[in-house]
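In UniProt numbering, the protein residues as written are 1 to 177. Cβ atoms here follow ideal geometry from the backbone N, Cα and C, with glycine treated the same way. It should be emphasised that the depicted structure is a prediction, and the values quoted were computed from it without experimental measurement.
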């Protein structure tokens, strides 16, 4: 099963990116083939409907989503919303990339949790005909700490990720085309 994880931070080693890498490891241990598309390392041009978007990173981004059977969208929560870089990336894609695919939303917030960004991600996914995983992952405060091996330092956070990823994988398996 092919899963694409999109990390939507514009900061090197952001906690949302660290969480995405951990989710990727968990998915790989479950037998999934994972592509991690880090928008910090591979930025996309500003969206404009007037351009064809002939950018190499954009082509790779679309290809990764096209080939995915399931998608994970990960964002820091900025001012109660998803990051601008992730929103910009999602503006470049649509039905062709998301239609009928299960999508897991993930966030990292400076406060307790990032629910607003998750709700907004789910709205976007619904509007491009994706299937929202009813489970989601949000970390905040000390839950954003990671050990040297890349695992969340908090045991309950690790358990939540494992349980949610297992649920997500089951949904992707049932819904994949």
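**Asked** residue 74 bridges to which residues according to DSSP?
**Response** 7, 106
**Prompt:** Considering only C-alpha positions, which residue in the set 99, 104, 58 is nearest to residue 88?
**Reply:** 58
**Request:** Since I believe residue 85 is in contact with residue 39 (beta carbons under 8 Å), could you give me their beta-carbon distance rounded to a whole number of angstroms?
**Result:** 5 Å
**Item:** Anticipated Cβ contact below 8 Å, residue 83 with residue 10, distance rounded
**Value:** 7 Å
**Item:** Validate contact between the stretch 93-102 and the stretch 121-133 using beta carbons, cut 8 Å, 3 pairs
**Value:** yes
**Prompt:** Does the distance from the C-beta atom of residue 107 to that of residue 157 stay below 7 Å?
**Reply:** no
**DSSP-derived helix/strand/coil call for residue 87** = helix
**Item:** Contact check, residue 4 vs residue 35, beta carbons under 7 Å
**Value:** yes
**Item:** Buried versus exposed, by CB contacts within 10 Å (16 or more), residue 101
**Value:** buried
**Asked** Between which two residues does the alpha helix (DSSP H) harbouring residue 146 extend?
**Response** Premise fails: residue 146 is in no alpha helix (DSSP H) and is neither H nor E.
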